[in-house]
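As they're listed, the protein sequences go chains A, B and C.
For the first sequence, the residue numbers in our numbering are 7 to 272.
For the second sequence, the residue numbers in our numbering are 550 to 793.
For the third sequence, the residue numbers in our numbering are 156 to 505.
Positions of the beta carbon are idealized from the N, C-alpha and C atoms, including for glycine.
Input: a single structure, listed below in C-alpha cells.
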Amino acid sequence: MSFNQSEFFDLGYLDYLSYKDTFIHRLDPRAKFIVTLVFIFMVISFPKHEISGLIPFLIFPVILVALADIPIKIILKKLIVVSPFALMVGIFNPMLDRKILISLFGIGISGGWISYLSIIIKFILTISSALILIATTSFPGICMAMENLGMPNIFILQLMFIYRYIFILGEEVVRTNNARELRSFGKKGYEILTAGNILGSLLLRTIDRSERIYQAMCARGFNGKINLFKKSRFLLKDFLYIILLSGFFIFLRLFPLSQFIGKMFI
Amino acid sequence: MSHHIIKAENIHFSYPDGTKAINGISFEIHHGESVGIIGPNGAGKSTLILQLNGFLLPTSGSFNIGGTPVTQKTKTEIRRHVGLVFQNPDDQLFMPTVFDDVAFGPLNLGLSPEAVEIKVEESLRIVGCLELKSRPSHHLSLGQKRAVSIATILAMEPDILVMDEPSSFLDNHSRREIINLLRKFHHTKIIVSHDLDLIMDVCERCIILNDGRVQADGTTKDMLLNKTLLEKNKLELPLSLQNK
Amino acid sequence: MHMADALLSPTVGLSFWAGTIATISYCARKLKNEFNDKIIPLMGVMGAFIFAGQMINFTIPATGSSGHIGGGLLLTIVLGPWAAFISIASVLFIQALFFADGGLLALGCNIWNLGIYPCFIAYPLVYKLITGSNNSNKKIMIGSILGVILGLEMGAFSVVLETVFSGITELPFLTFTSIMLPIHLLIAVVEGIVTGTIVIYVKNIQPDLFYSDNKSNNTLLNLKKVLVAMSVLALITGGMLSWFASTHPDGLEWSMGKISGREELPPKEDIFHKTLSKLQEKTAFLPDYGFKKPEMAEPEKAESEKEAWPAVSGGTSIAGILGGILTLGITILIGSVIKFFRKRSLTNTY
C-alpha cells in the first residue's frame, strides 16, 4: 500500500472529475464496471508475446478520455507513478529470454523484448481503464454497482465510510505535515518514534470520532443494518453499452485487427 | 402531535472514571418552547444533551420525555421524538452523498422508497439545500454541511430538536442563515451554545449551567442582560449588548 | 509491493479473486452474527485512518529512504481478524481504483497477500501468542515486529508465486524470491517498530481499546477455527492453482486459441508442420508457448524450426507491426477528433 500527500490531492482531483456530467458519466455504474472488467480480462488473456493484438484495445481508453472530458495528463501521471513494479519485474524478460523471435529488416528482436513490450502495453491498458472508470463514475455509484452485483453489505458500507472519511482524516494529516515542515528545516520524514506517536494520537482521535459517528447513526434510528437507497435506473443505453463494448472486445480478442489492417497495405 | 414535556428530576451523573459531570439538575420544558442552555466549558452541557437521547443514562434521578422515562429499553423510541444535531457536521454526515445521508433516517424508519425520496426532498427544501441533493458531503461548505445536518434530523420528523453548538465553525453569513432557519421551526428546541447572540435571537428562555448544576433559569432577556450573573458563571454579555 | 494486472494470467487472477471473495463473505457473516454494530463505523474510519496514516513518512535509519505504515497488523490489533480483513479489502479496493495500484484483476491477489497473512496468520500465531493476556510494552514491541515480518514476508512470497504461476515474466523463482524477501525484511522491521510504538502509545492512554477475543470465546478455540478455515482455503486455492498450472495454457486462452486458430499453427497446414507441432507438444513444458520458445525443443528440431518460423509467419508479423502502428495512429486520431469537437461544442454553448 502506498499513499502520500500528492496522491491525496490526486485522489481529490479524480473524485472531482467523477462528478462531471457527460454521456459517459451518465451511464449506469454497473454498465461501466462490467465493461471495464470484460476489457481487463480480454487484455490479460493474451499470451505473453502478443503485441499487435493488444494495440487495437487502446481505442477504448482513448475514446473514453475524449468523450468523458478527462484531462489526459492525470491518467499519464498516475501511470508513471505506479509503473515501477511491473517495469522492474518485467525488465528481466529481455535479459533472460534472448531467443530471436522475429527479424525485422535484418535486425533480430528477442522474445524477451517482445514480451516486455507486451507487459508494458498490458500495464497501460489495464491501469488506464481502471483510472478512467473512477474518473467517470462517482464512487458512491461504484459502491451501488458492487452492492447490486452481490458483494456483502458490510463491505459496501466500509467502502462508503472510508470514502467519506479519507478526505477529513487526510486533511488532518496534511495540517500535521505542514506544521512539521515549518519547524523541521528541510529534514525529510519523521523520526520513527515521532511517527509512531503522531499516528497513535491520530488513531485515538479516529476512534473517538467513530464513537461520535455511532451516536449520530443511532440518533437516526440505526439498528445494526444500514439500508441503502437503491436508485436503479438501468436503461436501454446502459444495456447496449455493455453488449456493444463487450462484443467489440471479444471481437478484438479473437480477430487480429492489426494484422488485417497491415495486410491491406502490403 | 402530542404535547411533549421534557422533565428532568434531580439528575446526577458521573463517568465510569469517577468524574462527576452533573450534580442534581431539575427543569421542565414545555411544548413549543425554545430553550438555550449556556455555561462555561465543563459545565455539563454536552453530558446533559447526550442523556436527552439515551446515549448516557443518569446515575440517579430521571428524565421523562412526553410521559416516557428515558431508559435502556425506551431509548430507541425516545430517539424518534428527540432529534439530536451534533456539534461537528463531519460526524453527523457519515454517508457519501447528501441524499444518502438525509435518506438514512427515513430508511431506518421503514419508509417506502417513494416516501423516502419525498421526505428527503422536503427536508432539503426546508433548509434551502435541495440543489445539493446528489453532491458528495465532502464537497460542501461548512455552512452547507450544517444545514444538511439539520435536514437529516428534520427528515426523522422529531417533535423536539436538540442542537449542540449550531453556529460553531461558521462565518457570519452562514451563521445568520442558520439563525434564520432555526427561528422558522416550530418544534420544541433545546440549543446548547457559547454563542450568546444566537441564543438571544432564537430562544426566549435560557438555563445557565455551571459545575453540573442549574445556576439560573428564566427569560433570555433577563439573564443575558445580568452582567453579574454572567460573570459569576464565566460568561460575558452578548457582543451585541457590550457597547450599549 | 502490489501485484499488477500486467504480470498476471487470468486464471491466477481469478482463483485469487475467488479465495478473496470467499473470505470476505465469511468475515461478513461472522461480523453480522457475532459483533456489536458499533464496529461498523469503527471499521470504516479505521480504513480511512490507514490511508491518512500512510501520508506520514518516516525516515528509515541508515538507508536515507523513507517508509510508511502498511497497517495490516495494526488494523487487526484494533479490530480483530474478521473486521480487519474486510477493512483491508476495502482500503485496497479504493487504492486499486483511485491510485491504480495494481489494477482490478490483481486486486484479488493483493487483498489476499496483504490481508490473509496479517489477519489470520501473523496476528493469532505470532502477535497474540507473544503478547498473551499480560501485554507488557516489551512483548507488544516484539510481537509487532515479528508479526509484521511474518505477514509481509508471506505476502511478498505470495507475490513471487503469483508471478511465477502466471508465467508472464521470465524471472526465475529463486532469483525473484531472493530479491523480494530481503527487501521486505527491511521494510517489515521498520514497520514493525512503528506499529509497536503506536500500539504502546494507545495502550498507555486507553488500555481497553484493542480487540480481544477472550471476552466471549476461548482464544485457543478461535485459533483452531482460524487454522481450519485457513487450511481449507489454502487447499481449495492450491488445488485450483495446481490444476491450472498442469493444464497450462489456461482454459480461456486455450479455447480462445482454438476458436481463432491464432494460437495454433498458421493456417497453411502440411504434414511437416503437423509433425513439428506434435513433437513440440511432447517436448515443450508449456505447449502453448512452445512454438515461440524453440530452445525447449531438441537442437535439430529447433534449427529446422528457425528456418520455418520466419518463412511461415514473417509476413504476418510485419503485417502485425505495420497494422499495429496504423491502428495506434487511427486511435489517436479518433481521440483528438472527439476532443476537438467536444471543445468546439462547449465553446459554442457558453
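Residue 196 of chain A - partner residues in DSSP beta bridges: In DSSP, residue 196 of chain A forms a bridge with C:213.
Have a look at residue 750 of chain B and residue 698 of chain B and give me their C-alpha separation to the nearest angstrom. Answer to the nearest angstrom: the Cα atoms are 21 Å apart.
Alpha carbon of residue 265 of chain C to alpha carbon of residue 559 of chain B, nearest angstrom: Spanning the two alpha carbons is a distance of roughly 58 Å.
With respect to the alpha helix (DSSP H) encompassing residue 581 of chain B, which residues constitute its N-terminal and C-terminal limits? Run containing residue 581 of chain B: none; DSSP gives neither H nor E here.
Which of helix, strand or coil DSSP assigns to residue 158 of chain C: Residue 158 of chain C: coil per DSSP, three-state reduction.
Quick check on residue 418 of chain C: does DSSP put it in helix, strand or coil? Note on residue 418 of chain C: pLDDT 39, under 50, position unreliable in the model; the coordinate value appears next. Residue state for residue 418 of chain C is assigned as coil, using DSSP reduced to three classes.
Would you list the residues sitting across from residue 562 of chain B in a DSSP beta bridge? According to DSSP, residue 562 of chain B bridges with B:571.
Every unbroken beta strand (DSSP E) inside the segment 91 to 146 of chain A [3 residues or more]: Whole beta strand (DSSP E) segments, 3+ residues: 106 to 110, 113 to 116.
Please compile the residues from chain A whose C-beta is within a distance smaller than 7 Å of the C-beta of residue 640 of chain B. 215, 218, 219, 222, listed in chain order.
If you draw a straight line from the alpha carbon of residue 252 of chain C to that of residue 68 of chain A, how long is it in whole angstroms? Straight-line Cα distance between these residues: approximately 18 Å.
Using a Cβ-Cβ cut-off of less than 7 Å, list which residues of the segment 194 to 207 of chain C approach chain A; keep chain order. Shown in chain order are the members of the segment 194 to 207 of chain C whose Cβ falls below 7 Å from a Cβ of chain A: 195, 196, 197, 198, 199, 200, 201, 202, 203, 204, 206, 207.
Find the residues of chain C that neighbour residue 64 of chain A, judging by a C-beta separation of less than 7 Å, and give them in chain order. Those are 483, 486, listed as they occur along chain C.
Does the beta-carbon of residue 735 of chain B have 16 or more other beta-carbons within 10 angstroms, so that it is buried, or is it exposed? Taking all protein chains in view, the Cβ of residue 735 of chain B is surrounded by fewer than 16 other Cβ atoms within 10 Å, so the residue is classified as exposed.
What residues of chain B sit near residue 113 of chain A, judged by a beta carbon separation below 7 Å? Among the residues of chain B, none has a CB under 7 Å from the CB of residue 113 of chain A; the nearest is roughly 54 Å distant.
Residue 8 of chain A CB to nearest chain C CB: under 9 Å? Its pLDDT being 45, under 50, residue 8 of chain A is placed unreliably in this model, and the coordinates cannot settle the point.
On the DSSP letters alone, give me the boundaries of the beta strand (DSSP E) that residue 728 of chain B sits inside. Careful: residue 728 of chain B lies outside any beta strand (DSSP E), inside the alpha helix (DSSP H) at 721 to 733.
Could you tell me whether the Cβ of residue 252 of chain C comes closer than 9 Å to any Cβ of chain A? Chain A has a Cβ within less than 9 Å of the Cβ of residue 252 of chain C.
Given that a residue counts as buried once 16 or more other Cβ atoms are within 10 Å of its Cβ, and exposed if not, what is residue 645 of chain B? Using a 10 angstroms sphere on the CB of residue 645 of chain B, the tally of other CB atoms reaches 16 or more, which defines it as buried.
Using a C-beta to C-beta distance shorter than 7 Å, which residues of chain B count as neighbours of residue 169 of chain A? In chain order: 645.
Bridge partners for residue 613 of chain B per DSSP, in chain order? The partner list for residue 613 of chain B (beta bridge, DSSP) reads B:556, B:618.
What is the DSSP secondary structure of residue 685 of chain B, reduced to helix, strand or coil? In this structure, residue 685 of chain B counts as strand in the three-state DSSP scheme.
Proximal chain C residues relative to residue 242 of chain A, where beta-carbon distance stays under 9 Å: Chain C residues near residue 242 of chain A: none, gap ~23 Å exceeds 9 Å.
Per-residue burial, residue 185 of chain A [other beta carbons within 10 Å of its own, 16 or more giving buried]: So residue 185 of chain A ends up on the exposed side.
Do residue 129 of chain A and residue 93 of chain A have their CB atoms nearer than 9 Å? Yes, the Cβ-Cβ distance between residue 129 of chain A and residue 93 of chain A is below 9 Å.
Within its chain, find whatever has a CB closer than 8 Å to the CB of residue 186 of chain C; leave out the 5 residues flanking it on each side and keep chain order. Here the set comprises 194, 237, 238, 241.
Minimum Cβ-Cβ distance from residue 303 of chain C to chain A less than 9 Å: Closer than 9 Å: no.
In or out: residue 768 of chain B buried (at least 16 other Cβ within 10 Å) or exposed? By the 10 Å Cβ count, residue 768 of chain B comes out exposed.
Residue 53 of chain A, buried or exposed, once every other Cβ within 10 Å from all chains shown has been counted against 16: Its Cβ being crowded by 16 or more others within 10 Å, residue 53 of chain A is buried.
Report all residues from its chain with a CB closer than 6 Å to the CB of residue 309 of chain C; omit the five preceding and five following residues, and keep chain order. So the list reads 272, once near-sequence residues are dropped.
Rounded straight-line distance, which links the Cα of residue 260 of chain A to that of residue 200 of chain C: Going from the Cα of residue 200 of chain C to the Cα of residue 260 of chain A covers about 45 Å.
So with CB distances below 7 Å, who are the chain A contacts of residue 686 of chain B? Those are 170, listed as they occur along chain A.
Since residue 178 of chain C meets chain A, which of its residues come closer than 9 Å, beta carbon to beta carbon? Chain-ordered listing is empty here: chain A has no CB closer than 9 Å to the CB of residue 178 of chain C, the nearest sitting near 11 Å.
Taking residue 72 of chain A as part of the alpha helix (DSSP H), name the residues at either end of that continuous run. Note, residue 72 of chain A: alpha helix (DSSP H), 65 to 73.
Beta strand (DSSP E) segment containing residue 765 of chain B, residue limits: It spans 762 to 768 - the beta strand (DSSP E) in which residue 765 of chain B sits, taken as one unbroken run.
With distance defined between alpha-carbon atoms, name the residue in C:346, C:319, C:291 nearest to residue 224 of chain C. Nearest neighbour of residue 224 of chain C by Cα position, chosen from C:346, C:319, C:291, turns out to be C:346.
Looking at the secondary structure, which residues open and close the beta strand (DSSP E) in which residue 756 of chain B lies? Looking at the DSSP string, the run of the beta strand (DSSP E) that includes residue 756 of chain B is 754 to 759.
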